[in-house]
Amino acid sequence: MSATVPCPACDAAVPIPADAVVAELLRCRECNTELEIATLDPPTLAEAPTEEEDWGQ
Ligand SMILES: [Zn+2]
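Following my numbering, the numbering of the sequence shown begins with 6 at its first residue and continues without gaps.
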């Protein structure tokens, strides 16, 4: 099954992969916001924290 969920930032339809898991990160192709799958039943999205990729260099 595949579903789309409205982007929390711009309301565009974001496709949820059939094998998606909670906390998986997706990116909205309309506004380029990084999104995290919050729940799967029903599927909902939340904006991912922006500082998460701040691993040391
Ligand atoms: Zn968006």
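For glycine and all other residues, C-beta sits at the position ideal for the given N, C-alpha and C. The structure presented is a predicted model; accordingly, all values stated were derived computationally and were not measured.
CYS15 and GLU35: beta carbons closer than 9 Å? yes
Ligand 1 heavy atoms versus the CB of THR38: any closer than 8 Å? yes
What do you reckon, is the C-beta of GLU35 under 8 Å from a heavy atom of ligand 1? yes
Using DSSP bridges, identify the partner residues of THR9. PRO20
Return yes when the Cβ of VAL26 is within less than 9 Å of the Cβ of LEU45, no when it is not. yes
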